[in-house]
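K.L.:
Take a look at the following structure, please.
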Amino acid sequence: MTATDEQRPAFVSLGTVVLDELRRPLLPPQYNVPGGSATFSVMGARLVAGEKRAAEIGCIIMAGNDFPQHTVDHYHSWGVSLVIRTDPTRPSTRGLLEYHDKNFGSKTFRYTTPLVRAAPADLPTSFLGAAAFHLLAQPAELRSQVEELIYLRCKEPLSSLTLGRPLLVWEPAPPFCRRDTKSAHLEAAQLVDVFSPNHLELLAFFYDEIPEFDRRTIEACARTFLDHGIGSDGKGTLVVRAGEHGCLVASPSIDGLYQWVRAFDCSVVDATGAGNTFLGAFTFAMAGCGKDPIESARMANIAATFALEQVGLPNLQQSLGSEERWNGSQFRDRLETYLLNETGRCT
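Per the UniProt record's numbering, the very first residue in the sequence shown carries number 1; after that it's consecutive.
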């Protein structure tokens, strides 16, 4: 589906769309594999939205002169609102993802062409009016993106609409999560509603050598961000993604400040993109479904499992007259199984 000015999505990602080259031991290389933070976050939102609400998800591709049509068709198959900005003077953003063992445990990534990421000015009017945005940036970039986004939403034709402030969910850029950038991240977190590092990124703000996983240590680090305040009112949410340990949801609105949400047991092949998938699902659950942060984290935990089960993106199977399946499973079925074990109820 192509976005129109009448369709304002519930979710838009300002992350990256990357064409990956995958190299794995004993296997031929794969080319033009869809990847990047925007790809996986859009997929996470799409899992929660389901087929009927797929058009409420906005996906923007900053394509170069070599972006393959079959890859465009892959995004179209999800039914999301798709916008493609093509620059014929440059190549598409490409990366090399190289796995160094057959279990996909050790891997390296590097960009092989210049990185091009969508900015708020690249968004069509419909996308600018979205209810929520996923942002992956270092603090200075985040500040610039938020200021530009709010400015553009205040201009015509959106200024004539009662949009309110969008939900802003910030995923910090991993290379910038260091002790010497902690202050900058503390300040920037006041610009967003949700700040979500993974547990290693959070610990990197406080330790030169990352300690072993310990809930109390992570809660103590999280408390620093809560005390400084997340969001303009200081009452925003910190979500610490911790892989097989689940996630920590921390906010002044939670009784006791902290709640750990357990992970869903699943087969793990490759964790690439799982964090982005989590945040796309989390953001859509809050903005598109009206869920609170803890409920959203539960849905996001389930969405992330679909990114873990294979190298690359999960396979979407659609059958006329039946529920869609990803990797042969229905998102709703997996969520209900999880909720019955977690809370004793289905929602």
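Using N, Cα and C, we set each Cβ at its ideal position, and we do this for glycine too.
#1: So, using beta-carbon positions, are Q145 and L152 closer together than 8 Å?
#2: Taking the alpha carbon of K182 as the point to measure from, which residue in L202, L167, L191, H100 has its own alpha carbon closest?
#3: Go through the stretch 207 to 242 residue by residue and report every complete run of the beta strand (DSSP E) that reaches 3 residues or more, in order.
#4: Tell me, to the nearest whole angstrom, how far the beta carbon of L96 is from that of T71; I am working on the premise that it is less than 8 Å.
#5: Alpha carbon to alpha carbon, what distance is there between I294 and G246?
#6: Is there at least one Cβ from chain D nearer than 8 Å to L123's Cβ?
#7: If we ignore side chains and look at the alpha-carbon of each, how far apart do P175 and D122 end up?
#8: Going straight from the alpha carbon of N315 to that of G15, what length do you get?
#9: Determine the extent of the beta strand (DSSP E) in which G58 is found, giving its start and end residues.
#10: Do H331 and N301 have their C-beta atoms within less than 8 Å of each other?
#11: Candidates A132, L308, R298, R325: which alpha carbon is nearest T283's?
#12: In angstroms, rounded to a whole number, what distance separates the CA positions of M1 and F127?
#13: If you measure between the beta carbons of S253 and L238, is that distance less than 8 Å?
#14: For A303 versus T272, is the C-beta spacing smaller than 8 Å?
#15: Reducing DSSP to helix, strand and coil, say where E244 ends up.
#16: Ends of the alpha helix (DSSP H) at D73?
#17: For the beta strand (DSSP E) that contains N32, what are its first and last residues?
#18: Kindly indicate the opening and closing residues of the beta strand (DSSP E) around F133.
#19: Report the start-end ranges of each beta strand (DSSP E) in the stretch 254 to 296 that is 3 residues or longer and not cut off at the edges.
#20: From what residue to what residue does the alpha helix (DSSP H) around R85 run?
#21: Which residues in the same chain as L226 place their Cβ atom closer than 8 Å to its Cβ, once the five residues preceding and following it in sequence are excluded?
#22: So which of V311, C289, S322 has the shortest CA-CA distance to R46?
#23: For D122, report the span of its beta strand (DSSP E) as first-last.
#24: Any contact between the stretch 22 to 36 and the stretch 44 to 60? By contact I mean 3 or more CB pairs, one from each, below 8 Å.
#25: When you compare the CB positions of S77 and A38, do they come within less than 8 Å of one another, or not?
#26: Are V18 and M62 touching if we call contact CB-CB under 8 Å?
#27: Between the C-alpha atoms of V83 and P211, what's the straight-line distance to the nearest angstrom?
#28: Quick check on R115: does DSSP put it in helix, strand or coil?
#29: So, helix, strand or coil for A250, using DSSP?
#30: Sort out for me which residues DSSP pairs P172 with in a bridge.
#31: What are the start and end residues of the alpha helix (DSSP H) that includes D333?
P.N.:
Quick answer:
#1: no
#2: L202
#3: 237 to 241
#4: That belief does not hold up - the Cβ atoms of L96 and T71 are roughly 17 Å apart, past 8 Å.
#5: 12 Å
#6: The displayed structure is made up of one protein chain only, and chain D is not part of it.
#7: 25 Å
#8: 22 Å
#9: 57 to 63
#10: Before going further, note that residue 331 is Phe rather than His in the sequence given. Not a contact, by the Cβ cut-off of 8 Å.
#11: A132
#12: Caution is warranted here: a pLDDT of 47 is assigned to M1, below 50, making its placement in the model unreliable, and the coordinate value is therefore given only provisionally. Approximately 14 Å between the Cα atoms of the pair.
#13: no
#14: no
#15: helix
#16: 69 to 77
#17: 30 to 35
#18: 132 to 137
#19: 258 to 261
#20: No alpha helix (DSSP H) contains R85, which is instead part of the beta strand (DSSP E) from 81 to 86.
#21: L238, A250, S251, P252, L257
#22: C289
#23: Careful: D122 lies outside any beta strand (DSSP E) and carries neither H nor E.
#24: no
#25: no
#26: no
#27: 43 Å
#28: Looking at the sequence itself, residue 115 is Leu, so the reference to Arg does not match. Three-state DSSP puts L115 in coil, outside helix and strand.
#29: strand
#30: A137
#31: 331 to 342
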